[in-house]
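Visitor: Position 222 of the sequence shown, counted from 1, bears residue number 206 in this note's numbering, the numbering being contiguous throughout.
Positions of the beta carbon are idealized from the N, C-alpha and C atoms, including for glycine.
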Amino acid sequence: METGMALLAYTLPTLLMPPVGERLVLRFGAARLIPLGLASIGLGFVLMRLAVIYHVSLLPGAILSGMALGLINTPVTNTTTSSVAANRVGMASGIDISSRLITLAINIALMGSLLVAGIAESLQSQIDSVSERYALAEQIAGGTRATLDSELIIQALNDGFSGVLAYGAVGVGCLSLASYLLFNVKTNVKRKRAASCPEIPWGNRFGWRVATGALLLASGLQFAQANSDPHTIVFGVAPGPYGDMVKQAIAPSLKEKGYKVVVREFSDYVQPNMALANGSIDANLFQHSLYFDKFTADKNLKLAKLITVPTAGMGIYSHKVKSLAELKQGDIVTLSNDPTNLARGLRFLQSMELITIKENIDPTKASERDIATNPKGLVFKSLEAAQLPRTLDSASAALVNGNFAIAAGLKLSSALKQEHLDENLKNIIAVRAEDADKPFAKDIVETVQSPAYEKAIDDPQNIFNAFQKPDWMVAADKK
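(1) With burial defined as no fewer than 16 other Cβ atoms inside 10 Å of the residue's Cβ, what is the status of C181: buried or exposed?
(2) Any chance you could list the alpha helix (DSSP H) runs of at least 4 consecutive residues sitting entirely within the segment 381 to 447, in chain order?
(3) I need the straight-line Cα distance from V156 to F279, nearest angstrom please.
(4) Taking all protein chains shown into account, do 16 or more other C-beta atoms lie within 10 angstroms of the C-beta of K426, making it buried, or fewer, making it exposed?
(5) Using 8 angstroms as the threshold, is the C-beta distance between L405 and T324 below it?
(6) DSSP state of G220, grouped into three classes?
(7) Would you call L521 buried or exposed, if buried means 16 or more other Cβ atoms sit within 10 Å of its Cβ?
(8) Taking all protein chains shown into account, decide if G242 is buried (16 or more other Cβ within 10 angstroms of its Cβ) or exposed.
(9) Under the DSSP definition of a beta bridge, which residues are partnered with L333?
(10) Whose C-beta lies closer than 7 angstroms to the C-beta of Q313 among residues of the same chain, with five residues either side of it excluded?
(11) Is it right to say S82 is buried, meaning 16 or more other beta carbons lie within 10 angstroms of its own, or is it exposed?
(12) Need the endpoints of the alpha helix (DSSP H) that S24 sits in, please.
(13) Who are the Cβ neighbours of R331 in its own chain at under 6 angstroms, not counting the five residues just before and after it?
(14) As a quick exercise: from I56, L394, D143 and V40, pick the residue whose alpha carbon is nearest that of A15.
(15) Quick check: what's the CA-CA separation for G329 versus G28?
(16) Please return the same chain residues whose Cβ sits closer than 7 angstroms to the Cβ of K342, not counting the five positions on each side in sequence.
(17) Cα separation between P44 and K239?
(18) Rounded to the nearest angstrom, how far is the Cβ of V317 from that of A399, given a contact under 8 angstroms?
(19) Would F12 be called buried (16 or more neighbouring beta carbons within 10 Å of its own) or exposed?
(20) Can you tell me which of the three DSSP states Q108 falls into?
(21) E278 lies in the alpha helix (DSSP H); which residues open and close that run?
(22) Would you identify the three-state DSSP class for L42, choosing helix, strand or coil?
(23) Below 8 angstroms on the Cβ atoms is my contact criterion, and I expect A261 with L285 to pass it. Report the Cβ-Cβ distance as a whole number of Å.
(24) From L42 to E6, what distance separates their C-alpha atoms?
(25) Nearest to L98 by alpha carbon, out of I217, A140 and V60?
(26) Helix, strand or coil for G299, going by three-state DSSP, please let me know.
(27) Going by beta carbon distance, what residues of the same chain come within less than 7 angstroms of T58, once the five residues before and after it are set aside?
(28) Can you pull the DSSP bridge partners for Q452?
(29) Under three-state DSSP, which class holds L311?
(30) Count the C-beta pairs between the segment 439 to 449 and the segment 222 to 237 that are closer than 8 angstroms, then say yes if the count reaches three, no if not.
(31) Tell me whether the segment 388 to 399 and the segment 243 to 257 touch, counting them as touching only if at least three CB pairs, one residue from each stretch, are closer than 8 angstroms.
(32) Quick one: residues in its chain with C-beta nearer than 8 angstroms to the C-beta of S351, no 5 flanking neighbours on either side, listed in chain order?
(33) Which whole-angstrom value is the C-beta distance of N385 and Y226, which I expect to be below 8 angstroms?
(34) Assuming L367 contacts N408 under a Cβ cut-off of 8 angstroms, what Cβ separation, rounded to an integer in Å, is found between them?
(35) Are V415 and A267 close, meaning C-beta to C-beta below 8 angstroms?
(36) Alpha carbons only, please: which of S380, A288, I111 and Q452 is nearest the one belonging to H303?
Structure, rendered in structure tokens:
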């Protein structure tokens, strides 16, 4: 009964604790949570070993180890998948799962051998023959009732499992130390070098990488490791034109300054900020100021805005009607489901006189519940922003952000109507707050403010010439 409860206490938290782990990693970072979680698993093994030795309950150690495992399980997988480009996430996830299964198989065999060896050693005083002792140990370990006194069998099992738990405690403790070093030592080394050589833009220049295969097999976990190349800037972008903007308008000037520029594409609006916060990338370009302010406040992320760039506005697109006047009662209109862009979409609908928003509501925080009037009787469905272009074959219309419209092959000029962008709805380049004054960040700003950048934006061959420019560029053009 107690053994069953101990197993339940160890396994249940793997289902219950992951949401808590995700919140903790947002607050404290993977670099703190994963080493601490591994150390807690090791401590749980120590408590279970002491319980076996002193014949007390296994539950405290099992509960502690199970909770710690549940806390770090999801963060480890997320850290692994965010350490690679978007088109390799599936491969990284597969490696993560495969390595866990391989490690499980190896450790089952290894711990089984340790259990048999421990039982055999415990029986040394009772049986002289080594072969007979090990044969009997295998029977006991396999659950076969041997022809020995029950007290001797229990003691032999205690001795065997004591060795297994000691192996577990030492192994996980070593992994805790290894993960701490992987996450922290290289970062500290680069910071010290940056302090002594301020002209070199140190930081995580090539994102996090999966640790060594040996560590994978030893732990069944994957950790991310920063590349030490000081001349590489990794930009995170969402699908659409901003990756091209980095490659065509920003990267050439940065290359002239001695940098290598890498663009990593993410599939949603969450990962680019999380990857920036945990050091997987050095800068991102995908979001407007309103989204940035809300996301960083909600997630307590220490990120900073560098500069605003030309931006493609949201548009209302349709494959079924040719004008807003053709929309009728019951027609489905899809829009983004993240709170900031949902409110933005509702304001856009209000500007087209398709709805009105309640007067006592802050329009930047409006939701579907805050619609006061809907004269055409439209039906609104909110979805993930990247999925909106796909709804055009089924919905009557969709409000699509400019970057996703371009990524889906929609022409901005084909929109039934384009929104006029306020300054806080124009996209920004963001970095970690601690990097905002570093040379590489200043070089990014200098590049965006350069004539070469504006020439690339204004080139009629590029799609960027249809984007709405930020106020600082408009003011500069008037001079």
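Guide: Reading it off the structure:
(1) Here residue 181 corresponds to residue number 197 of the sequence shown, with the count starting at 1. Because C181 sits at a pLDDT of 43, beneath the cut-off of 50, its placement in the model cannot be relied upon, and the following sentence gives the value as read from the coordinates. With fewer than 16 Cβ atoms within 10 Å of its Cβ, C181 is classed as exposed.
(2) Segments of the alpha helix (DSSP H) lying fully in the segment 381 to 447: 386 to 391, 423 to 432 and 435 to 442.
(3) On the sequence shown, residue 156 is found 172 positions in, with the first residue counted as 1. On the sequence shown, residue 279 is found 295 positions in, with the first residue counted as 1. Those two C-alpha atoms are separated by around 35 angstroms.
(4) On the sequence shown, position 442 is the one that residue 426 refers to. With a 10 Å radius around the Cβ and a threshold of 16 neighbouring Cβ atoms, K426 comes out exposed.
(5) Within the sequence shown, residue 405 is the residue found at index 421, counting from 1. Within the sequence shown, residue 324 is the residue found at index 340, counting from 1. When the beta-carbon positions are compared, L405 and T324 stay at least 8 angstroms from each other.
(6) On the sequence shown, residue 220 is found 236 positions in, with the first residue counted as 1. When secondary structure is reduced to three states using DSSP, G220 falls in the strand class.
(7) Look at the range of the chain in this structure, -15 to 463, and you will see that residue 521 is not part of it.
(8) The count along the sequence shown starts at 1 and reaches residue 242 at position 258. Taking all protein chains shown into account, G242 has fewer than 16 neighbouring C-beta atoms within 10 Å of its C-beta and is therefore exposed.
(9) As a first step, residue 333 is located in the sequence shown; it is residue number 349 there, counting from the start. L333 pairs with nothing; no bridge assigned.
(10) On the sequence shown, position 329 is the one that residue 313 refers to. Result list for Q313: K360 and G361, in chain order.
(11) The sequence position of residue 82 within the sequence shown is 98, counting from 1. Taking a 10 Å sphere around the C-beta of S82, we find fewer than 16 other C-beta atoms and assign the residue as exposed.
(12) One-based indexing of the sequence shown puts residue 24 at position 40. DSSP places S24 inside the alpha helix (DSSP H), whose first and last residues are A14 to Y38.
(13) Looking up residue 331 in the sequence shown gives position 347. Within the same chain, R331 has close Cβ partners P347.
(14) For the purposes of this step, residue 15 is identified with residue 31 of the sequence shown, where counting begins at 1. Per the Cα distances, I56.
(15) Counting from 1 along the sequence shown, the entry for residue 329 is found at position 345. Counting from 1 along the sequence shown, the entry for residue 28 is found at position 44. Distance between the alpha carbons of G329 and G28 is about 50 angstroms.
(16) Along the sequence shown, one-based indexing puts residue 342 at 358. Within its own chain, the residues whose Cβ lies closer than 7 angstroms to the Cβ of K342, once the five positions on either side in sequence are excluded, are D354 and A356, listed in chain order.
(17) Walking along the sequence shown from the start, residue 44 turns up at place 60. Walking along the sequence shown from the start, residue 239 turns up at place 255. The alpha-carbon atoms of P44 and K239 are separated by roughly 56 angstroms.
(18) Reading the sequence shown from its first residue, position 333 is the one you call residue 317. Reading the sequence shown from its first residue, position 415 is the one you call residue 399. Contact flag wrong, Cβ pair sits at about 13 angstroms.
(19) To locate residue 12, count along the sequence shown from 1; it is residue 28. Within 10 angstroms of the beta-carbon of F12 lie fewer than 16 other beta-carbons, which makes it exposed.
(20) Stepping through the sequence shown from its first residue, residue 108 is reached at position 124. The answer is coil: DSSP assigns Q108 none of H, G, I, E or B.
(21) Walking along the sequence shown from the start, residue 278 turns up at place 294. Inspection of the sequence shows that residue 278 is occupied by Lys rather than by Glu. Where K278 is concerned, the enclosing alpha helix (DSSP H) stretches over S273 to K283.
(22) Counting from one through the sequence shown, the residue named residue 42 turns up at place 58. Reduced to three states, the DSSP call for L42 is coil.
(23) Here residue 261 corresponds to residue number 277 of the sequence shown, with the count starting at 1. Here residue 285 corresponds to residue number 301 of the sequence shown, with the count starting at 1. About 5 angstroms separates the beta carbon of A261 from that of L285, a gap short enough to meet the 8 angstroms contact definition.
(24) In the sequence shown, counting from the first residue as 1, residue 42 sits at position 58. In the sequence shown, counting from the first residue as 1, residue 6 sits at position 22. Approximately 28 angstroms, taken between the alpha carbons.
(25) The count along the sequence shown starts at 1 and reaches residue 98 at position 114. The candidate whose alpha carbon is nearest that of L98 is A140.
(26) Walking along the sequence shown from the start, residue 299 turns up at place 315. DSSP places G299 in the strand class (E or B) of the three-state scheme.
(27) Position 74 of the sequence shown, counted from the first residue, corresponds to residue 58. Cβ within range, chain order: P2, G5 and E6.
(28) Position 468 of the sequence shown, counting from 1, holds the residue named residue 452. Partner(s): T295.
(29) Numbered from its first residue, the sequence shown carries residue 311 at position 327. DSSP places L311 in coil when its eight states are reduced to three.
(30) Two segments are said to touch when three or more pairs of C-beta atoms, one from each, lie closer than 8 angstroms; by this definition the segment 439 to 449 touches the segment 222 to 237.
(31) Taking a cut-off of 8 angstroms for Cβ pairs, the segment 388 to 399 and the segment 243 to 257 do not touch, as fewer than three such pairs fall below it.
(32) Residue mapping note: residue 351 aligns to position 367 of the sequence shown, counting from 1. Same-chain partners within the cutoff: P323, L326, A327 and L330.
(33) Taking the first residue of the sequence shown as 1, we reach residue 385 at position 401. Taking the first residue of the sequence shown as 1, we reach residue 226 at position 242. Not confirmed; about 11 angstroms, so no contact.
(34) Start at 1 with the first residue of the sequence shown, and residue 367 comes out as number 383. Start at 1 with the first residue of the sequence shown, and residue 408 comes out as number 424. That belief does not hold up - the Cβ atoms of L367 and N408 are roughly 24 angstroms apart, past 8 angstroms.
(35) Here the question's residue 415 lines up with position 431 in the sequence shown. Here the question's residue 267 lines up with position 283 in the sequence shown. A267 is positioned such that its CB atom lies closer than 8 angstroms to that of V415.
(36) Translated into positions along the sequence shown, residue 303 becomes position 319. Taking only the C-alpha atoms, the option nearest H303 is S380.
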